[in-house]
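For the sequence shown, the working numbering gives the first residue as 2, with consecutive numbering after it.
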Amino acid sequence: MSSDLGGDPAASSASAPTPAPAGGGSTPLSAPSGPGADCDSTPAARRNHLLLALGIGLLTAAVYSLLGWRQWETLVAPSWDLGIFSELAKAYARLEAPIVSIKGHGFNLLGDHFHPILIALGPIWALWPSGLALLVTQAVLFGVSAVPVTRLAAERLGMGMGTVFGLAYALGWGLQSAAAAQFHEIAFAVPLVAFGLVAYLRGHFLAAAIWIGLLVFVKEDLGLTVAAFGAILALRPGGPTPTSAAAAPSTSAIPSTTAAPSATTAPRPHPRPRW
Numbered sequence: 002m003s004s005d006l007g008g009d010p011a012a013s014s015a016s017a018p019t020p021a022p023a024g025g026g027s028t029p030l031s032a033p034s035g036p037g038a039d040c041d042s043t044p045a046a047r048r049n050h051l052l053l054a055l056g057i058g059l060l061t062a063a064v065y066s067l068l069g070w071r072q073w074e075t076l077v078a079p080s081w082d083l084g085i086f087s088e089l090a091k092a093y094a095r096l097e098a099p100i101v102s103i104k105g106h107g108f109n110l111l112g113d114h115f116h117p118i119l120i121a122l123g124p125i126w127a128l129w130p131s132g133l134a135l136l137v138t139q140a141v142l143f144g145v146s147a148v149p150v151t152r153l154a155a156e157r158l159g160m161g162m163g164t165v166f167g168l169a170y171a172l173g174w175g176l177q178s179a180a181a182a183q184f185h186e187i188a189f190a191v192p193l194v195a196f197g198l199v200a201y202l203r204g205h206f207l208a209a210a211i212w213i214g215l216l217v218f219v220k221e222d223l224g225l226t227v228a229a230f231g232a233i234l235a236l237r238p239g240g241p242t243p244t245s246a247a248a249a250p251s252t253s254a255i256p257s258t259t260a261a262p263s264a265t266t267a268p269r270p271h272p273r274p275r276w
């Protein structure tokens, strides 16, 4: 009977189109497809991706540490920033306010820019009281940033292209220019942005928001970057809308006995975001 009416039911169900999500939305940041899409499917492959990323991270840190050492040995001074931040680190190592005489008598550097994350330089200076320590610190931060970028590239593109992508990032014009300019507080922003963007591409939006949000402690003008990233999170497919955000306080007052049925039966305009 079934053969007269349309053939094998299994074949017909296999050829049937997949129903679209309710509301016509599409799941954001779907899994990659094509060559290298399944390269992270085994524990051994994931371990190889991590080892590759760590290797390129170490190489990045070593290359820029060597560059910093050469600058230090040959007295290269493209600006006075290294001296400024050396005085800041020295003050923080003594648990004092960041008074920098290079900028002026009794000048508090927090009055110039807001960069509380530089307090982390205090312990480093206490262990290694030298401007070279700041150059090496910056190189290490650059190396740390290369790890998530390379690992994601290896997972999505395969080991070969992941290596090429990681090296292109590590030895690219951006990091080279930053290293040539010597230490700057923006060095702390580089790994934060790298981890934040990789978390976003993985669909881990809360982690991405935290990583990017920490930029406000690096420098005051990076608040614009944080705001722009917040807008991206809000406007992404499946993200919160202005109307839903405005309605949230009022709907929270509805008793759970009436809200629970609607939450299970009402159609969703977008797929639920991954947080």
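Quick reminder that beta carbons are idealized off the backbone N, C-alpha and C, glycines included.
Just so it is clear, the structure is predicted and the values come from calculations on it, not from any experiment.
**Report entry** Presumed contact (8 Å Cβ cut-off) between residue 213 and residue 191, rounded CB distance
**Finding:** So it is not a contact: roughly 13 Å between Cβ atoms.
Requested in this report: Count the other C-beta atoms from every protein chain shown that fall within 10 angstroms of the C-beta of residue 92, then say buried if there are 16 or more, exposed otherwise.
Outcome: buried
Query raised in the report: By a C-beta neighbour count over all protein chains shown, 10 Å radius and 16 as the cutoff for buried, is residue 161 buried or exposed?
Result: exposed
**Report entry** Boundaries (first-last residue) of the alpha helix (DSSP H) holding residue 80
**Finding:** Where residue 80 is concerned, there is no enclosing alpha helix (DSSP H), given that its DSSP letter is neither H nor E.
Query raised in the report: Which residue from 127, 157 and 189 puts its Cα closest to that of residue 143?
Result: 189
**Report entry** Minimum C-alpha distance to residue 200 - residue among 187, 157 and 153
**Finding:** 153
Query raised in the report: Closer than 7 Å: is that where the CB of residue 178 sits relative to any heavy atom of the ligand NAP?
Result: Absence of the ligand NAP is noted for the structure shown, with no ligands found whatsoever.
Requested in this report: To the nearest angstrom, report how far apart residue 114 and residue 146 are at their CA atoms.
Outcome: 24 Å
Query raised in the report: Going by other Cβ atoms of all chains shown within 10 Å of its Cβ, with 16 needed for buried, is residue 134 buried or exposed?
Result: buried
Query raised in the report: By the 10 Å Cβ neighbour count, where 16 or more other Cβ atoms means buried, how is residue 112 classified, buried or exposed?
Result: exposed
Report task. Answer with buried or exposed for residue 126, where buried requires no fewer than 16 other C-beta atoms within 10 angstroms of its C-beta. Result -> buried
Query raised in the report: Roughly how many angstroms separate the alpha carbons of residue 231 and residue 197, rounded to a whole number?
Result: 12 Å
Query raised in the report: Who are the Cβ neighbours of residue 150 in its own chain at under 6 Å, not counting the five residues just before and after it?
Result: 170 and 195
**Report entry** Start and end residues, alpha helix (DSSP H) containing residue 98
**Finding:** Per DSSP, residue 98 belongs to no alpha helix (DSSP H) and is neither H nor E.
Query raised in the report: Could you give the residue range of the alpha helix (DSSP H) that holds residue 105?
Result: Per DSSP, residue 105 belongs to no alpha helix (DSSP H) and is neither H nor E.
Report task. Give a yes or no on whether the C-beta atoms belonging to residue 136 and residue 184 are separated by under 8 Å. Result -> yes
Requested in this report: Return the residue from the list 234, 178, 186 and 229 that minimises the CA-CA distance to residue 208.
Outcome: 234
Query raised in the report: Is residue 216 near residue 236, with beta carbons less than 8 Å apart?
Result: no
Query - Where residue 112 sits in the DSSP three-state scheme - result: helix
**Report entry** Alpha-carbon spacing of residue 123 relative to residue 43, whole angstroms
**Finding:** 42 Å
Query raised in the report: Taking buried to mean at least 16 other C-beta atoms within 10 Å of its own C-beta, is residue 61 buried or exposed?
Result: buried
Query raised in the report: Rounded to a whole number of angstroms, what is the C-alpha to C-alpha distance between residue 221 and residue 79?
Result: 24 Å
Requested in this report: Measure the C-alpha to C-alpha separation of residue 101 and residue 179 and round it to an integer number of angstroms.
Outcome: 22 Å
Query raised in the report: In whole angstroms, what separates the C-alpha of residue 164 from that of residue 69?
Result: 24 Å
Report task. Please go through the same chain and pick out, in chain order, the residues whose beta-carbon is closer than 8 Å to the beta-carbon of residue 1, but skip the five residues on each side of it. Result -> The chain is shown from 2 up to 276; residue 1 falls before or after that span and cannot be answered.
Query raised in the report: First and last residue of the alpha helix (DSSP H) that includes residue 227?
Result: 224 to 236
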